[in-house]
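Worksheet: the structure to be examined is printed underneath.
Number of protein chains: 2
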Amino acid sequence: MQQTSHLRRFVIVGHNATTAGTFSLNDLAGATGRLDVLLRCVNSALFTSHGIRQDTEVRLLLLGQPNAPKTITLKGREIKHLNPDERSTAALLKEALNKPIFGNSVGAGPGISVSRAIFKDILADAAKDSKLIALKEDGTDIRAAGLAPPLTFFLSDNRDFSDDELQALKDAGATFISLGPKSLLASHCVVIAHNEIDRTQIL
Amino acid sequence: MQQTSHLRRFVIVGHNATTAGTFSLNDLAGATGRLDVLLRCVNSALFTSHGIRQDTEVRLLLLGQPNAPKTITLKGREIKHLNPDERSTAALLKEALNKPIFGNSVGAGPGISVSRAIFKDILADAAKDSKLIALKEDGTDIRAAGLAPPLTFFLSDNRDFSDDELQALKDAGATFISLGPKSLLASHCVVIAHNEIDRTQIL
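Protein sequence lines, in the order shown, are assigned to chains A and B. Going from the first sequence to my numbering is simple: count from 1 and add 555. Going from the second sequence to my numbering is simple: count from 1 and add 555.
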């Protein structure tokens with residue numbers, strides 16, 4: 556994995572998110588195991604007003620039927636054809652899910668790849684090039700944490716992290732960080748994390 | 556308009572957003588004058604992880620063809636059937652746009668109404684029950700602004716405010732506020748504004 560000092564990586568666990576590219580783009584919130592939650596996280600992670608965040612990478616860990624696990628990775632520096640709406644992002648992910656996976660990872664268009672990586676693989680990879688941050692309501696306030704890239708943030712979808720995931724995060728030395736007094740949607744958490752790093756990062 | 560001391564109102568101007576309920580839910584980003592931008596603002600304004608923000612109201616000022624202006628108002632305390640995805644929110648707005656408007660305002664389901672209000676009407680209404688905040692990159696940093704509800708935030712969609720809109724905001728005494736060093740999508744701005752008020756509001 557490339558060492559990038561300004562790297563901001565967001566790993567979002569989709570506990571029921573579909574691993575087949577057979578879903579309808581007309582029923583993203585109903586028939587995909589809440590892949591729609593992850594679509595909104597992609598928007599939050601990669602878009603500014605005037606373009607794509609070059610130093611940001613998103614990894615979506617999909618744990619739903621019928622072919623779990625699959626991890627889709629989207630790299631801001633390389634991605635093309637990404638638009639901010641849910642439907643067009645879903646179309647990109649659908650294409651990725653239809654790729655047969657041979658070996659470690661398969662490309663699925665510019666800046667998008669899909670692999671069989673599991674949570675512990677993703678943690679181990681991230682630990683090689685970044686500090687590990689788990690976003691959780693009972694963590695240290697991000698404004699008091701002095702975070703600086705390279706960073707990998709771990710978020711859960713509309714469900715909480717499982718006990719096994721929490722244990723793996725702790726075992727890997729992740730710092731638990733909170734973003735404020737309210738429990739927020741995952742996609743909103745990504746926006747707030749970015750804003751905090753935007754404010755502190757020396758570019 | 557009801558006086559609500561914890562009120563957070565978000566007014567988003569959709570400069571080309573469609574004013575007809577005839578669009579396809581399958582082409583929200585292409586055929587609606589970027590109504591998709593406003594859909595994402597509704598999500599950001601009204602959702603927390605576990606429910607709807609009761610004290611928040613959203614007003615979408617639609618200035619596109621064929622029947623501008625229309626203003627759709629969504630009230631967190633009253634709304635039902637709202638889900639976080641773009642498509643289902645679009646379906647609610649489509650229904651509202653299909654209502655004939657008689658008089659000042661017409662109901663379009665629980666917590667949703669549509670009117671012929673223009674920008675200056677919305678400003679004047681908001682000034683009656685809240686402090687006016689215009690979100691703009693060159694404003695005062697929100698963290699130094701000491702904001703407290705009741706507040707009405709004014710945002711533009713994917714375009715800048717027009718000169719006339721800026722002048723109207725100044726004439727109405729709006730405070731210009733910035734959210735950080737990067738220019739962000741309107742929906743992301745709503746998330747950051749909420750987070751700042753969440754942190755400072757005495758509940």
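Yeah, the Cβ is synthetic: ideal placement off N, Cα and C, and Gly gets one too. This structure is a prediction, so every number in the text was calculated from the model and none was measured.
Quick check: the Cα distance between residue i and residue j, rounded to an integer number of angstroms?
i	j	result
D582/B	H636/A	16 Å
G694/B	F731/A	33 Å
L593/B	K630/A	26 Å
F578/B	P621/B	12 Å
T626/B	L734/B	26 Å
S604/B	N638/B	12 Å
A623/A	A679/B	54 Å
S668/A	H561/A	21 Å
D591/A	L648/B	19 Å
G576/B	G588/B	12 Å
D696/B	S738/B	13 Å
K691/A	Q722/A	13 Å
S670/A	H749/B	36 Å
F708/A	L740/A	15 Å
Q558/B	S685/B	Bear in mind that a pLDDT of 48 at Q558/B, under 50, signals an unreliable position, so the number given afterwards is only what the model happens to contain. For Q558/B and S685/B, the distance between alpha carbons rounds to 9 Å.
I673/B	C744/B	23 Å
K654/B	S742/A	32 Å
M556/B	V661/A	Low confidence applies to M556/B: its pLDDT is 44, below 50, so where it sits in the model is not reliable, and the reading given next is rough at best. If I take the Cα positions, the gap works out to 56 Å.
A572/A	A663/A	18 Å
R632/A	A586/A	31 Å
T628/A	I656/B	47 Å
A584/A	L615/A	16 Å
P665/B	R698/A	38 Å
N659/B	A651/B	14 Å
N598/B	G606/B	11 Å
Q756/A	P736/A	24 Å
L580/B	A700/A	43 Å
I677/A	A646/A	24 Å
Please determine, among the options, the residue with the shortest C-alpha to C-alpha distance to residue i.
i	options	result
A600/B	G606/B, V613/B, R632/B	V613/B
K683/B	A586/B, A651/B, A729/B	A729/B
L687/A	V669/A, L706/A, I667/A	L706/A
K675/A	G585/A, D726/A, H749/A	D726/A
A681/A	L724/A, G666/A, G664/A, A645/A	L724/A
A689/A	F716/A, A646/A, F657/A, A651/A	F716/A
R754/A	I747/B, Q756/B, R632/B, Q609/B	I747/B
R714/A	G619/A, L652/A, A699/A, D610/A	G619/A
Does residue i come out as helix, strand or coil in the three-state DSSP assignment?
i	result
I752/A	helix
R608/B	coil
L637/B	coil
A575/A	coil
I677/A	helix
C744/B	helix
T628/A	strand
L593/A	helix
L583/B	coil
K649/B	helix
K821/A	This structure leaves residue 821/A out entirely; chain A is present only between 556 and 758.
S668/B	strand
S717/A	coil
K683/B	helix
T707/B	strand
K654/B	coil
L702/B	coil
S560/A	coil
A723/B	helix
L618/B	coil
A663/B	coil
A689/A	strand
Can you name the residues of chain B whose CB is closer than 7 Å to the CB of residue i?
i	result
L593/A	None at all; the shortest Cβ gap to chain B is about 12 Å.
G666/A	Neighbours of G666/A on chain B: none; closest Cβ ~19 Å, over 7 Å.
For the putative contact between residue i and residue j, defined by C-beta atoms under 8 Å, what is the C-beta separation to the nearest angstrom?
i	j	result
A602/B	L710/B	A small fix is needed here, since residue 602/B is Phe in this sequence, not Ala. Incorrect: roughly 17 Å between the Cβ atoms, too far for contact.
I567/B	C596/B	5 Å
T644/A	L617/A	About 14 Å; that fails the 8 Å criterion.
D712/B	H570/B	6 Å
L702/B	E751/B	7 Å
R563/B	P704/B	6 Å
List, in order along the chain, the chain A residues whose C-beta lies closer than 8 Å to that of residue i?
i	result
L734/B	N750
Mind listing the chain A neighbours of residue i? Cutoff is C-beta to C-beta under 9 Å, in chain order.
i	result
E739/B	Rather than Glu, the amino acid found at residue 739/B in this sequence is Leu. Residues of chain A passing the Cβ test: F602, T603, S604, V746, H749, N750, D753.
Using only the heavy atoms of the ligand FMN, determine whether one of them is closer than 8 Å to the beta carbon of residue i.
i	result
V661/A	With respect to the ligand FMN, the structure offers nothing, as it holds no ligand at all.
List, in chain order, every chain D residue whose beta-carbon is nearer than 7 Å to that of residue i.
i	result
S599/A	No chain D appears in this structure, whose protein chains are A and B.
Going along chain A, which residues have a C-beta under 7 Å from residue i?
i	result
D640/B	L583, A584, D591, E641
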